[in-house]
Amino acid sequence: MRVATWNVNSIRTRYGRVIDWLLREDVDVLAMQEIKCKPEQFPTAAFEEAGYELAIHGLNQWNGVAFASRLPLEDVEIGFPGQPGFLKGADGPDLPQEARALGATVAGIRLWSLYVPNGRALGDPHLAYKLDWLRVLADDTRQWLADDPTLPLALMGDWNVAPLDSDVGDPSFVQGVSTHISPPERAAFAEFERAGLTDVVRPRVPTGYTFWDYKQLRFPRNEGLRIDFIMGSQGFAELVTDASIHRDERKGEAPSDHVPVVVDLAVETEEDYDRPMVF
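Take a look at the structure:
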């Protein structure tokens with residue numbers, strides 16, 4: 001089974017190239033972020049014609065997460081328990097939740113599509129929200145794995161954190177000035193490893209970025225960031241047979257500023273036998 005994550009940066013703009021990539025790369029399940037639309041605005045028919053069913057969580061023209069799957073999506077869950085909300089200029093426990101987290105089970109594997117808050121700037125309330133968001137999710141992860149230590153679980157998506165210095169090639173990101181690389185953000189990311197997850201892609205793809213800004217010729221200069229990850233439990237990591245970062249999807253007409261991150265899993269499904277052979 002092939003599973004991927006991709007911040008598509010507006011699915012209505014890019015659904016053609018997303019579907020083309022899904023079919024070309026034989027992807028079974030895609031976690032999407034920044035779909036930037038409500039469910040009724042999503043190009044559902046095009047995905048269904050390509051053989052994919054959908055789970056969609058979008059509230060407006062910002063944020064939004066979704067799954068496209070050739071296999072049944074089960075136990076779909078909008079948001080994780082205790083997910084913090086955010087409203088600029090407001091405080092309190094009942095702030096509106098943004099469309100940033102969507103869970104689903106596929107072939108017995110628990111997957112989450114995550115679009116972690118950006119943080120905006122050091123000292124900005126959005127950074128405090130980001131850190132709180134990650135803290136609660138890490139706590140939930142600990143609980144999920146305490147309840148079922150063998151659970152094959154993967155948290156996938158745009159984490160908006162570059163955890164290592166080697167993940168930073170964009171010269172505009174400077175320690176003490178920029179988000180994404182600050183010690184508190186990196187510490188929040190590291191909590192997921194303490195909770196029982198591991199980056200299942202890095203051992204197989206030790207270098208390479210997943211995001212390049214549209215400005216300042218960042219992509220031609222390869223001045224990017226590695227901020228898109230698939231973090232898996234031991235039960236998930238044991239299934240991984242290969243991984244890849246599809247850098248070429250940053251090329252061509254109207255690309256997203258992110259590229260897909262992919263893992264292959266040693267999971268057989270009934271659909272594998274029904275698929276036509278390609279020579």
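Reading the sequence shown from the start, the letters are residues 1 to 279 in UniProt numbering. The C-beta atom is built at its ideal place from N, Cα and C for all residues, glycine as well. Here the structure is a predicted model, which means the values were calculated and not measured.
> Where does Asp272 sit, in a helix, a strand or coil, going by DSSP?
Replying inline: For the purposes of this step, residue 272 is identified with residue 272 of the sequence shown, where counting begins at 1. The pLDDT assigned to Asp272 is 49, lower than 50, so where the model puts this residue is not dependable; a value taken from the coordinates is nonetheless given after this. It is helical.
>> Whether or not the region 164 to 171 and the region 119 to 138 are in contact is what I'm after, with contact meaning three or more pairs of Cβ atoms, one per stretch, closer than 8 Å; do they touch?
In response: Contact fails: fewer than three Cβ-Cβ distances are below 8 Å.
> Rounded to whole angstroms, how far is the Cβ of Met231 from the Cβ of Ala107, which I believe are closer than 8 Å?
Replying inline: On the sequence shown, position 231 is the one that residue 231 refers to. On the sequence shown, position 107 is the one that residue 107 refers to. Incorrect: roughly 19 Å between the Cβ atoms, too far for contact.
> Would Gln143 be called buried (16 or more neighbouring beta carbons within 10 Å of its own) or exposed?
Replying inline: Against the sequence shown, residue 143 aligns to sequence position 143. Gln143 is exposed by the Cβ-count criterion.
>> Assuming contact is defined by CB atoms lying nearer than 7 Å, are Thr5 and Gly157 in contact in what I supplied?
In response: Residue 5 sits at position 5 when you count from the first residue of the sequence shown. Residue 157 sits at position 157 when you count from the first residue of the sequence shown. Cβ distance < 7 Å, so Thr5 and Gly157 count as in contact.
> DSSP three-state call for Phe42: helix, strand or coil?
Replying inline: Residue mapping note: residue 42 aligns to position 42 of the sequence shown, counting from 1. Note: Phe42 maps to coil in three-state DSSP.
> Assuming Ile227 and Asn160 make a contact with CB atoms under 8 Å, what is their CB distance in whole Å?
Replying inline: Along the sequence shown, one-based indexing puts residue 227 at 227. Along the sequence shown, one-based indexing puts residue 160 at 160. Correct: roughly 6 Å between the Cβ atoms.
> Which runs of the beta strand (DSSP E) spanning at least 3 residues fall entirely within the region 18 to 89, listed in chain order?
Replying inline: 29 to 33, 53 to 57, 65 to 69, 74 to 78
> Alpha carbon to alpha carbon, how far is Gln216 from Thr210?
Replying inline: For the purposes of this step, residue 216 is identified with residue 216 of the sequence shown, where counting begins at 1. For the purposes of this step, residue 210 is identified with residue 210 of the sequence shown, where counting begins at 1. Roughly 17 Å between the two C-alpha positions.
> What span of residues does the alpha helix (DSSP H) with Glu137 cover, start to end?
Replying inline: As a first step, residue 137 must be located in the sequence shown, where it is residue number 137. Residue 137 is actually Leu in this sequence, not Glu. Start and end: 125 to 147.
> Shortest alpha-carbon distance to His57 belongs to which of Asp242, Arg70, Glu77?
Replying inline: For the purposes of this step, residue 57 is taken as the residue at position 57 of the sequence shown. Here the closest residue by C-alpha is Glu77.
>> Assuming Thr141 and Ala195 are in contact, meaning their beta carbons sit under 8 Å apart, how far apart are those beta carbons, in whole angstroms?
In response: Taking the first residue of the sequence shown as 1, we reach residue 141 at position 141. Taking the first residue of the sequence shown as 1, we reach residue 195 at position 195. Contact between Thr141 and Ala195 holds: CB atoms are separated by about 4 Å, below the 8 Å threshold.
>> Do Gly85 and Gln97 count as a contact pair if the criterion is CB distance below 7 Å?
In response: What you label residue 97 is simply residue 97 of the sequence shown in a count that begins at 1. What you label residue 85 is simply residue 85 of the sequence shown in a count that begins at 1. Yes.
> Taking the DSSP output, what are the residues bridged to Val168?
Replying inline: Counting from 1 along the sequence shown, the entry for residue 168 is found at position 168. DSSP, once it has assigned bridges, lists Leu225 as partnering Val168.
>> Taking the beta strand (DSSP E) that Ala190 belongs to, which residues open and close that run?
In response: As a position in the sequence shown, residue 190 is number 190, starting the count at 1. First-last for Ala190: 183 to 194, but that is the alpha helix (DSSP H), not the beta strand (DSSP E).
> DSSP beta-bridge partners for Met231?
Replying inline: Within the sequence shown, residue 231 is the residue found at index 231, counting from 1. DSSP, once it has assigned bridges, lists Leu155, Asp199 as partnering Met231.
>> Checking the sheet assignment: what are the DSSP bridge partners for Leu111?
In response: Position 111 of the sequence shown, counted from the first residue, corresponds to residue 111. Paired residues: Ala104, Ala154.
> If you check the beta carbons only, do Thr269 and Leu73 fall under 7 Å apart?
Replying inline: In the sequence shown, the residue the question calls residue 269 occupies position 269. In the sequence shown, the residue the question calls residue 73 occupies position 73. The Cβ atoms of Thr269 and Leu73 do not sit closer than 7 Å to each other.
>> My output table needs one value for Ala4: the three-state DSSP class, helix, strand or coil.
In response: Against the sequence shown, residue 4 aligns to sequence position 4. Strand.
> Could you give the distance in angstroms between the alpha-carbon of Pro149 and the alpha-carbon of Glu253?
Replying inline: Your numbering for residue 149 matches position 149 in the sequence shown. Your numbering for residue 253 matches position 253 in the sequence shown. C-alpha separation (whole angstroms): 44 Å.
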